[in-house]
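Residue numbers (the working numbering), protein chains in the order written: chain A, 1 to 486; chain B, 1001 to 1486.
1. Among 101(A), 230(A) and 133(A), which residue has its Cα nearest to the Cα of residue 188(A)?
2. Between the region 296-314 of chain A and chain B, which residues of the former have CB atoms less than 8 Å from a CB of the latter, in chain order?
3. Assuming contact is defined by CB atoms lying nearer than 7 Å, are residue 30(A) and residue 315(A) in contact in what I supplied?
4. Within the 7 Å Cβ cut-off, does residue 1073(B) reach chain A?
5. In angstroms, rounded to a whole number, what distance separates the CA positions of residue 1181(B) and residue 1430(B)?
6. Do residue 1337(B) and residue 1135(B) have their CB atoms nearer than 7 Å?
7. Are the region 1073-1089 of chain B and the region 1189-1199 of chain B touching, with three or more C-beta to C-beta distances below 8 Å?
8. Buried or exposed for residue 1015(B), please, with buried defined as at least 16 other CB atoms from any protein chain shown within 10 angstroms of its CB.
9. Spatial neighbours of residue 1008(B) within its chain, please: C-beta separation below 6 Å, excluding the five flanking residues on both sides.
10. Compare the C-beta of residue 1054(B) against all C-beta atoms of chain A and say whether one is closer than 7 Å.
11. With DSSP as the reference, identify every bridge partner of residue 173(A), one or two as the case may be.
12. Among the residues of its own chain, which have a CB less than 8 Å from the CB of residue 1397(B), if the five just before and after it don't count?
13. Would residue 285(A) be called buried (16 or more neighbouring beta carbons within 10 Å of its own) or exposed?
14. Give a yes or no on whether 7 Å exceeds the smallest Cβ distance from residue 1070(B) to chain A.
15. For residue 18(A), which residues of its own chain have a beta-carbon under 8 Å away from its beta-carbon, when the five flanking residues on both sides are left out?
16. Which ranges would you report for the alpha helix (DSSP H) in the region 1249-1333 of chain B if only whole runs of at least 4 residues count?
17. Sort 12(A), 254(A) and 376(A) by Cα distance to residue 438(A) and report the nearest one.
18. If we require 3 or more residues per run, which beta strand (DSSP E) segments fall completely within the region 66-109 of chain A?
19. Excluding five sequence neighbours on each side, which residues of the same chain lie with their C-beta closer than 7 Å to the C-beta of residue 12(A)?
20. From this set, 1390(B), 1264(B), 1246(B) and 1352(B), which residue's C-alpha is nearest residue 1531(B)'s C-alpha?
21. Are there three or more Cβ pairs, one per stretch, closer than 8 Å when the region 360-374 of chain A is compared with the region 89-105 of chain A?
22. Return the Cβ separation of residue 282(A) and residue 288(A) in integer angstroms, given the expectation that the two are a contact with Cβ distance under 8 Å.
23. Pick helix, strand or coil for residue 356(A), following the three-state DSSP scheme.
24. Could you confirm whether any beta carbon from chain B is found closer than 7 Å to the beta carbon of residue 97(A)?
25. Check whether the Cβ of residue 1342(B) lies closer than 6 Å to any heavy atom of the ligand ADP, and answer yes or no.
26. Where DSSP assigns a beta bridge to residue 145(A), which residues make up the other side?
27. Using a C-beta cutoff of 7 Å, does residue 319(A) count as contacting chain B?
28. DSSP three-state label for residue 135(A), please.
29. Do the CB positions of residue 42(A) and residue 236(A) come within less than 7 Å of each other?
30. For residue 69(A), tell me which candidate among 1163(B), 1388(B), 1010(B) and 1320(B) has the shortest Cα-Cα distance.
31. Can you tell which of 51(A), 202(A) and 472(A) has the C-alpha that lies nearest to the C-alpha of residue 271(A)?
32. Which same chain residues, not among the five before or five after residue 22(A), have their C-beta less than 7 Å away from its C-beta?
33. State yes or no: is the C-beta of residue 214(A) within less than 7 Å of the C-beta of residue 206(A)?
34. For residue 1083(B) and chain A, any beta-carbon pair shorter than 7 Å?
35. When you compare the CB of residue 342(A) with every CB in chain B, is at least one pair closer than 7 Å?
36. In three-state terms, what does DSSP make of residue 45(A)?
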């Protein structure tokens, strides 16, 4: 029986007060953000629920995030990019329409994704959502259910009032037009809701036949979510029993590197120029226009990342390339999951992004220096693999270099930097401190190589005691990789 | 006579040290950013200069910003958007290739812009650059000159080494292919350089025939620029002699408003629904896809901005609409010119952006509360007009509403808010304080209306003692405007 208006008003008034209190608590004293995924049939009232929430809540810390799945400019980056850009910062609430579930379901309904792919996406999505939850984004997943027909009932009538059932504000499923597709969508949605029922953030289904009852139900779910986010306390770091030297059990690879390899000057110049020309040609080619290149540089301090990056830069059209030196995050970055700052700069197709240090900071410096708790950096390997898989699945060529030098060579370079006026800036107290943790860094590198080497996102270990050898190896590896990929 | 390599090395070493010192000073203790506009003929060595600067300077606080003038996704926003997105923050250096001058010159050379338009653009650009300089962005405008042929000499040879004169890294002028266009480009560039020779940031031309000499010349210009940016001191605010009540001399318009106007409930509901349906239809129409709507709401505290925005929101497809409540800037925003936070969220074509308070904060609250010095808010009127002209010239529909209530009505609403639990959040100490400055705000509003009302970006004053009257007037005004524009 539909809710009558008087009872609705009474309940809504009380609910609204509680929601506002919770919203202010979230803004004032929680380190979490709240992201509402608002899904369901067209005509079930997504637009109306949205407007209701904007009526009930303080508009200053709530935002609607909505997407056009066919946006051709968004398609110039991996699909998840648009969602990452909009991720609410701590203390804020985002309401997302047309979330990642929309694409998954649409592809399944139209047959663009087979069942296996669909299941793989659900599994990946569950992992990514677990990551968001761990990174202080509380999720509320709502599915608005129409009784009779999951995908929205009657035909569109543009004469009807905007926002009414036959003229909905949000038209997510306009592309679904055959009965077969409609049935497949209903089945896929049901499966999706079931498959994620036991994960950290289950779906909440809300009956949408009765608009007032629907809005109250949504409001109550949101209240629970906000209060849980406010109650949440960061896990205590606890006393570390010991600094673990390895979490993976592979045979160490760093000791197998032959760091004595060198390259004489004439050959260096010929080979460098050759590799640069190949990289320039590959990245200017028509085949590259729909791909992209992401290169991450990590390495011992003074291993020569800067010099290698300069040689790579000289081989690229500056219009289609950016270099990102990764330093301390800004406050906008700190207020969001750690991968946000990398997602926000994911290059367009046809472009190259070079990272001077990267997202691997979490399992290197943050691990060794204790900036990240063990549980945090240990889960990061999987999170990084998922991140990289999303890039490479979109056709992005991803390559990661570890530049290795030995302790003697590092000492020589530190001393030389101190003595060279225009290199002084390259040597800081921190570098000397890092040097004392050499063994801990080595263990972290071994784990990183063992746990994040993938076919699509390989690590190349670069013997870098000789700068000439190192630069040529890096540029040739990239030239080979690009030619193989294109 | 070209510079010989030994002398270059000697001079470069000293220059590099000085550049690094200046770069660190800029990062550590200057509140200015430095933006280098690197222009000139293809083959004159823009890419090589770029790489040289990246070699000489610390890569952590310098970035290359380069654009593809034909990028179709960038074209979905006003032309200046791409440059604003990338504006370096304080302490940092950006090197821009393909800056706003590139478009101006290309349009002139290909005849897309006539001479009058070209001159108008130069004048506007000078004003915008003055604004950037005032907003703590130091500009260095470099023009690399080839001796023989301004637009680059010989044909492209893709077999030549990347970055050499015949196979340049940067190809800005590939579209210029007739002799007539080439001549027109040379003339336009010469005119541009002359026309801006006497403005705050003149062009520096650099002979590019001799690569080593060219790089040294660029380095020296940069050193001067960095040192000037470091030496710069913010002007002392000084003691205000008085709080000026008006800077414009028009007849006050606020007293002419008939605030007693009301609307009875039945008519309100009919007219509101009618206006909402018209707005929904207009923004869903094919004609709107290449336009965009920007609505700025300003008004007395408690004048009903939030309620009006909610009614407007209900008339829009949430997928193509965002509401931006304007509060305190983030640190990323504070580190850049005040318009940056608005440019960064300029909507795509086909979309609507609603601002709950706006860039007019500079001439309202910042003026009245003294957050901005008189010289700062007084120059803001022109800066805002230029900003809005760039939006409307791109086809954006811009409308600005001032919601006016009288002091008695405001007091009634403040008291009511205190008494209504779910409205308590809307009333703060600051609101009571603002109320005490009623006359100062009124003067600021009169100046704002007088100095920023334009045909393409009109202010509508909204009598808002009656919420119903106010909302209907706003929505009808927008519906009329959209229908007239589309």
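Note that CB positions come from ideal geometry on N, CA and C, so glycine has one too. Here the structure is a predicted model, which means the values were calculated and not measured.
On the basis of the data shown:
1. 101(A)
2. 306, 309, 310, 313 and 314
3. no
4. yes
5. 59 Å
6. yes
7. no
8. buried
9. 1212
10. yes
11. Paired residues: none, contrary to the question.
12. 1291, 1292, 1293, 1294, 1481, 1482 and 1485
13. exposed
14. no
15. 223
16. 1265-1284 and 1305-1313
17. 254(A)
18. 93-97
19. 216
20. The question about residue 1531(B) has no answer here: the residues shown for chain B are numbered 1001 through 1486.
21. no
22. 6 Å
23. strand
24. yes
25. Ligands in the displayed structure: none, and consequently the ligand ADP is not present.
26. 207(A)
27. yes
28. coil
29. no
30. 1320(B)
31. 472(A)
32. 223, 226, 227 and 230
33. yes
34. no
35. no
36. coil
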